[in-house]
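To start, the structure under review is shown below, and the notes come after it.
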Amino acid sequence: MERQFPIRQIMDEQGRIVEHEYRGQITEELVMAMYRHLIRTRTFDRKCVSLQRQGRIGPYVPFEGQEACQVGSALALEDEDWMFPTYRDHGAMMTFGRTLTQTLLYWKGRTEGCIPPQGKKIVPPYVPIATQLPQAAGAAYAEKRKGTKNAVIVYFGDGATSEGDFHEGLNFASVFNAPVVFFNQNNQYAISVPITRQMKSKTIAQKALAYDIPGIRIDGNDIFAVYFHTKQALERARNGEGPTLIEAVTWRYGAHTTSDDPSKYRDQEESKRRRETTDPIMRLERFMQREGFWDENWANDVQERVNAEVEQAVAEMDRYPSANPEDMFDYVFAEPTWTIAEQKQAYMEWKRGMEG
Amino acid sequence: MAEITMIQAINEAMRQEMERDERVIVLGEDVGTNGGVFRATDGLLEQFGDQRVFDTPLAESGIIGTSIGLAVNGFRPIAEIQFLGFVYQAMDQLAAQAARIRFRSAGRFTCPIVVRSPYGGGVRTPELHSDALEALFTHSPGLKVVMPSNAYDAKGLLIAAIRDEDPVLFLEPMKLYRAFRMEVPEEPYEIPLGKARIVKEGEDVTIISWGATVPLVAKLAADMKAQGVDAEVIDLRCLQPLDIDTIMQSVEKTGRVMIVHEAVKTNGFGAEIAALISERALFSLSAPIVRVTGYDTPYPVPSVEDDWLPNAARIVEGVQTLMRY
Ligand SMILES: Cc1ncc(C[n+]2csc(CCOP(=O)(O)OP(=O)(O)O)c2C)c(N)n1
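Protein sequence lines, in the order shown, are assigned to chains A and B.
Oh and the first sequence: position 252 is 252 in UniProt numbering, straight run, nothing missing.
Oh and the second sequence: position 27 is 27 in UniProt numbering, straight run, nothing missing.
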C-alpha cells in the first residue's frame with residue numbers, strides 16, 4: 001500500500017523542485033505569499049503558546065510544524081468556498097480570512113471568537129473528532145444541488161479516521177458525488193496514541209479505495225505539494241468529479257494542547273530532529289535561496305510586519321470589553337422559549353441585585 | 001490512613017480490583033502509555049501490561065461496543081470516555097445496547113461494564129468538555145448511574161461498580177479531581193450503589209445534590225448554620241438506583257426542599273426528584289420545591305461559565321426563599 005500510495009513531493013527537503021511540470025506555476029508572487037503566511041501562522045502560534053503560559057488566554061492548541069498543510073491548502077481555496085476546520089486549524093482559518101483578534105478571542109473563551117468573519121464560509125471550529133465530515137459532505141452536496149462552482153474543504157487528524165463519522169462522511173460524499181476535499185493532516189499522533197496503534201492500514205490515503213474516490217498521499221511539509229494537489233482536488237470537485245481524500249503527512253512539534261505533556265508518550269528529540277531536517281518554513285527558504293528569490297531584507301521586513309500585526313491583535317484582545325454573560329441566553333433558538341426567557345430575566349435581576 | 005485526591009482514589013480502586021480479578025481490564029483513548037489525560041489510569045499499564053490496559057482507536061462507539069462484546073464473553077471492562085460530552089458518539093451502544101443485553105436475552109447474557117467519564121464545568125475547557133449529561137442515562141433503563149463527590153466515596157463506589165453485574169456509568173466531576181485530599185483507607189472497600197450519604201444533618205431545609213456541586217452545598221450549609229438556618233445536606237452519590245428512603249425521611253422532617261445540580265434545568269434529574277416528592281410526600285411540604293441548576297442553554301464559553309453554573313449566591317437566595325414559608 002505504501003507503494004501504491006507513495007508520499008508525493010513537488011519540492012524535496014533541500015528545497016529542490018522534483019516535479020518539474022509545476023515549475024511554470026511557481027511564480028515569485030505565489031512563493032512570497034506562501035512565505036508570508038507561513039511566517040504569520042508560526043509567529044502567531046508561538047505567541048499564543050506564550051500568552052497561555054502567562055495566563056492571558058485559556059488552554060491553547062498549537063499547530064507548529066503543520067503550517068504548510070494549513071497555509072498551502074487554505075491558499076488553494078477560492079473566496080466562495082467553504083471551510084470546515086477543527087480546533088487545530090486556526091492556521092488555515094487565519095489564512096482564509098479569520099482575523100487574528102478573533103482567533104485570540106476564541107482561545108480566550110469568548111463567543112466572539114466563534115463568529116465566522118463576515119462574508120466567509122468558515123464554520124466555527126469543531127471540537128468533537130470527525131463530526132464535521134458528514135456535515136461537509138452535506139454542504140458540498142448543497143452546492144452541487146444549487147449548481148454552483150463552489151467547493152468545500154474539511155480538515156481532520158489521523159485519529160479522526162477511526163470514528164464512524166469519517167467513514168460515513170466519505171461514503172455519503174462518494175454516493176452523492178459531492179464537491180468536497182477531505183484534507184487529512186496526519187501528524188502521526190492522536191494525543192498520545194501513535195498512528196501505528198490507531199490503525200493497521202499503512203496509509204490513510206488507501207481508505208479512499210473503499211469509497212471509490214481518489215486518495216492521494218503527500219508530503220505535508222512541502223507547501224507546493226499541499227497547494228497544487230489541493231488545488232487539483234478542488235478543481236475536480238468544481239468540475240463535478242466528486243470528492244478527494246488527501247493525506248498530508250506531517251508532524252506537530254509541540255504538545256497536543258498546552259495541557260498535555262508529550263514527554264509522557266514520545267521522545268521529543270524526534271521533534272528536534274524533524275525541525276532540523278523537514279521543517280516546512282526552512283524548506284521554502286532553501287527553495288528561495290536556490291532560485292535566487294531570497295532577500296534577507298525582505299524576509300526581515302516580513303517578520304517585522306507580522307510581529308506588528310500580532311502585537312496589534314493582542315492589544316485589541318486586551319482592549320476588548322469584558323464578556324457579557326447575558327449573551328449565553330441568546331441564539332439558542334430564533335425566538336427564546338419561555339424557560340430561557342424567564343431564566344434570562346431572573347439572571348439579570350439577580351445580577352443587578354448583586355451589583356446594586 | 002493516607003490523604004489522597006479523588007483522582008488517586010479512582011486510580012487505586014481500579015488497581016486493587018485488577019489485582020483481585022484478572023477479568024478486569026481497562027480500555028479507552030490515551031489510557032495506556034499516557035495514563036489518561038487526567039492521569040486516572042497512571043501506572044496501570046506498567047503494572048498489568050498491555051493485555052489488560054490498552055489504548056483503543058479513537059472511536060467512542062467502538063470503545064463501548066467492544067466493551068459490551070468483551071463483557072458478554074467473560075471480561076469485566078472498565079472503559080473510559082475521555083470527556084462526557086463525547087459520549088454522544090456512543091449513545092446507541094450505551095443506551096440502546098449495554099443497557100438492554102440482560103433484558104433482551106432474558107438474563108442469559110449480561111453486561112458488567114463500567115464506563116468512567118469526567119464531566120462538569122468550572123475548569124475552562126473547550127466546548128463539549130463540560131456538559132453534565134447524567135439525565136440522558138437515568139432515562140435509559142438498564143444503566144446504573146453513579147456520581148461521586150469526594151475521594152472516599154469515589155473509591156468505594158468505583159469498586160462496587162466494578163463488582164456490579166450490570167452496566168454502570170461512573171461520572172467523575174473533573175473540577176474535584178484534585179480539589180482536596182481526604183483520608184481514604186488503603187484496603188479495598190465497597191459503598192453499595194443506591195445509598196445516599198447525609199453530609200450534614202439539619203432540621204429546617206433539605207438540600208439534595210450530587211457530584212460536582214456537593215462540596216459547595218456542604219460549605220454553604222455550614223455557613224448558614226451560623227446564620228440560624230439548619231440545613232440537611234444529602235449527597236445522592238448514585239442516581240440509579242436512587243435512595244428514595246433517605247430523601248423521604250429528610251423531606252418529612254424538614255418540609256422544605258432544594259435540589260442543586262449542574263445539568264440544565266428542564267428534564268434534569270432534579271425534576272424526577274421533585275416529582276417523586278410530590279407523589280409521596282406532598283403534604284409534608286411547607287414550601288414549593290426550589291431547583292438551583294444550570295440554565296436551559298448549551299454550556300457556554302469559558303469566559304462566562306461561572307455565571308452559568310449554580311453558585312453560592314443563587315443557592316443562598318434559594319434557601320432564603322424556602323425559609324420565608
Ligand atoms: C469524539 C471525541 N472524542 C475524543 C475527543 C478528545 N480528543 C481531543 S483531540 C483528540 C485526538 C485527536 O487526534 P487527531 O484526530 O489525530 O487530531 P490532532 O489532534 O492530532 O490534530 C482526542 C482524543 C474529542 N475531542 N472528541
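Beta carbons: idealized from backbone N, C-alpha and C, even for Gly.
A buried status is given to residue 156 of chain A, since no fewer than 16 other beta-carbon atoms sit within 10 Å of its beta-carbon.
Less than 8 Å divides the Cβ of residue 73 of chain A from the Cβ of residue 226 of chain A.
Comparing alpha-carbon positions, the option among A:106, A:298, A:244, A:240 lying closest to residue 230 of chain A turns out to be A:244.
Contact check between the segment 205-218 of chain B and the segment 253-268 of chain B: three or more CB pairs, one atom from each, fall below 8 Å, which counts as touching. For residue 72 of chain B, the closest alpha carbon among the candidates B:52, B:283, B:83, B:23 is that of B:23. Between the segment 77-85 of chain B and the segment 113-132 of chain B there are three or more inter-stretch CB-CB distances shorter than 8 Å, so the stretches are counted as touching. For residue 302 of chain B, the chain A residues whose Cβ falls inside 7 Å of its Cβ are 58, 109, in order along the chain. Within 10 angstroms of the beta-carbon of residue 1 of chain B lie fewer than 16 other beta-carbons, which makes it exposed. By the rule that beta-carbons nearer than 8 Å mark a contact, residue 197 of chain A touches chain B. Assigned with DSSP and collapsed to three states, residue 280 of chain A falls in helix. Nearest C-alpha to residue 178 of chain A among A:246, A:237, A:131, A:209: A:237.
Using a CB distance below 9 Å, the part of the segment 62-90 of chain B facing chain A consists of 62, 82, 85, 86, 88, 89, ordered along the chain.
Secondary structure at residue 291 of chain B: strand, using DSSP grouped into helix, strand and coil. In terms of beta-carbon proximity, residue 207 of chain A stays away from the interface with chain B, with every pair separated by 8 Å or more.
If the five residues before and after residue 126 of chain A are omitted, its C-beta is found closer than 6 Å to the C-beta atoms of 86, 132, all from its own chain and listed in chain order.
In this structure, residue 296 of chain B lies near residue 264 of chain B, with their beta-carbon atoms less than 8 Å apart. Relative to ligand 1, the beta carbon of residue 150 of chain A is positioned no closer than 7 Å to any heavy atom. Shown here for residue 150 of chain B: same chain residues with a beta carbon closer than 8 Å to its own, the five before and five after excluded, namely 6, 176, 180, 182, 214, 215 in chain order. Residues of the segment 185-196 of chain A whose Cβ lies closer than 7 Å to any Cβ of chain B, in chain order: 190, 191, 192, 193. A distance below 8 Å separates the beta carbons of residue 134 of chain A and residue 169 of chain A. With a threshold of 8 Å between beta carbons, residue 334 of chain A makes no contact with chain B. Membership of residue 93 of chain A in the alpha helix (DSSP H) is indicated by the continuous run 90-96. For residue 214 of chain B, none of the residues of chain A pass the 8 Å Cβ criterion, the least Cβ distance being about 23 Å. Between residue 69 of chain A and residue 185 of chain A, the C-beta gap is smaller than 8 Å, which places the two residues in contact.
Considering only A:205, A:297, A:344, the residue with the shortest C-alpha distance to residue 5 of chain A is A:205. Listed by position along chain B, the residues whose Cβ is nearer than 7 Å to that of residue 265 of chain A are 33, 34.
Residue contact check for residue 343 of chain A against chain B: a CB pair falls below 8 Å.
In summary, the residues of the segment 113-147 of chain B whose CB is separated from some CB of chain A by less than 7 Å are 124, 126, 127, 128, in the order they occur in the chain. Using a cutoff of 7 Å, the CB of residue 62 of chain B does not count as near ligand 1, since none of the ligand's heavy atoms is closer than that. Between the alpha carbons of residue 8 of chain B and residue 221 of chain B lies a distance of about 27 Å.
Using a cutoff of 7 Å, the CB of residue 267 of chain B does not count as near ligand 1, since none of the ligand's heavy atoms is closer than that.
When 9 Å is used as the limit between beta carbons, residue 163 of chain A is near these residues of chain B: 57, 58, 59, 60, 61, 62, 89, in chain order.
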